[in-house]
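The opening position of the sequence shown corresponds to residue 262 in our numbering, with each subsequent residue numbered one higher. Beta carbons: idealized from backbone N, C-alpha and C, even for Gly. All figures in this text were calculated on a predicted structure; none of them were measured in a lab. The structure appears right after this line, and notes come after that.
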Amino acid sequence: MVQFQRDHLETLLAAVDAGTFDAAARELSITPSAVSQRVKAMEQLVGRVLLQRTTPIMPTPDGEVVLRHARQVRLLDEETSRALDVPDSDVPGRTPSIPLAVNADSLATWFLDALAIVRDDTEVVFDLHREDQDRTAELLRAGTVMAAVTAEAEPVQGCSSVPLGVDRYRAVAAPSFVRRYLDGADTERRMTTRLDRVPLVDYDRDDDLQQGFLRRVLGHAPRGPRHFVPNSADFARAVQLGFGWGVVARSAVSRGTRAGRLGRAHARAPGGRGALVAAVEPGVAAARTCDRCRAHGRCGTAAPAGVTGRGRAARL
């Protein structure tokens, strides 16, 4: 069994977080040579290269495993010291920091409320990394974070998966957008032809929710122009203002339809299995969930898997 020295683990963390041996040395109040020697000693212990000596320093796949272990050890030590009311002699008053990866929509809706419950009885700070739900697990594998909300069903090695719940999304558009681009698209054929070319709103270039929704209907990615609005609230606002159609969290849809800013989608997808976007009037119920929601109980990226606790992956 491999047993690393605590100061070596802290050195590995400092090197990766700071990006260079020199910056890590300043943080630890030791020399860059000492940082290099500690990392080299760890690599000799396991017989593997743990860090790529690049700028910034990057962990190798084996280094990612050790890095995740180092973060867990640090948190366990801090929890133990706090439970015993023993001050941290190395860094007086240091509050434990928990790095977490989360997708933007979760962050904008339920995630902070969940963290607030943790803060009620635990003195910790959170280091949140916002990333697309299809990419958050990469941060967990890399050891950058200890937990993540992710669309991957399979847990990362060394983690476990537990359900978080279901978050449903709906395809919607503003009535003004429908009048301008979708007026008269009253059949399935006409609707699919229009949707292939009308503007849509994407969160960013990694956002595949709108693209994936139409690929299942059209058989290819839509050819229409794309707006990129990388903020959950602004994304919904852009849809409300008629920039394009988009797949929006149900909570945002409900607020928009009550205010008369969004309409519902009701034109059916091929085979009658889903719903295409078609806002028919303001102030009515929004779109039904798409074909993937019906088949899997979630809407692709809309109901992502997640990771919770120390190295525990959770799947919706």
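Asked	Found
Compute the Euclidean distance between the alpha carbons of Val310 and Arg466, then round it to the nearest angstrom.	33 Å
Within 10 angstroms of its Cβ, does Asn364 collect 16 or more other Cβ (buried), or is it exposed?	buried
Determine the closest residue to Leu270 out of Val296, Met262, Arg287 and Ala284, with distance taken between C-alpha atoms.	Val296
Short of 8 Å in beta carbon distance, which residues of its chain neighbour Arg458, apart from the five on each side in sequence? Order them along the chain.	Pro483, Arg484 and Gly485
Does Gly507 come out as helix, strand or coil in the three-state DSSP assignment?	strand
Please list, in chain order, all residues of the same chain as Arg329 whose beta carbon is under 6 Å from its beta carbon, the five residues on each side excluded.	Gly404
Going by alpha carbons, who is nearest to Gln333 out of Met319, Gly507, Ala369 and Phe265?	Phe265
Grouping DSSP H, G and I as helix and E and B as strand, with all else coil, what is Asp346?	coil
Taking just the CA atoms, how far does Asp393 sit from Ala284?	29 Å
Please list the terminal residues of the continuous beta strand (DSSP E) segment that includes His488.	Arg487 to Phe489
DSSP three-state label for Tyr464, please.	coil
Along the chain, where does the beta strand (DSSP E) that runs through Ala361 open and close?	Note that residue 361 is Leu in the sequence shown, not Ala. Taken as a continuous stretch (DSSP letters only), the beta strand (DSSP E) holding Leu361 covers Ser358 to Val363.
Does DSSP classify Leu401 as helix, strand or coil?	helix
For Leu502, count neighbouring C-beta atoms within 10 Å of its own C-beta (all shown protein chains included) and say buried if the count is 16 or more, exposed if not.	exposed
Output the boundary residues of the beta strand (DSSP E) element that contains Leu425.	Neither: Leu425 is in no beta strand (DSSP E) and is coded neither H nor E.
Go ahead and label Arg431 buried or exposed: buried means 16 or more other beta carbons lie within 10 angstroms of its beta carbon, across all protein chains shown.	buried
From which residue to which residue does the alpha helix (DSSP H) around Asp268 run?	Arg267 to Ala279
With a cut-off of 8 Å on the beta carbons, I'd call Leu361 and Ala409 a contact; round off their distance for me.	7 Å
Since Met319 sits in a beta bridge, which residues does DSSP pair it with?	Gln313
Assign Asp469 to one of three DSSP states: helix, strand, or coil.	coil
Cβ-heavy atom distance between Pro483 and the ligand PLP below 7 Å?	In the structure on display, the ligand PLP does not appear, and there are no ligands present to speak of.
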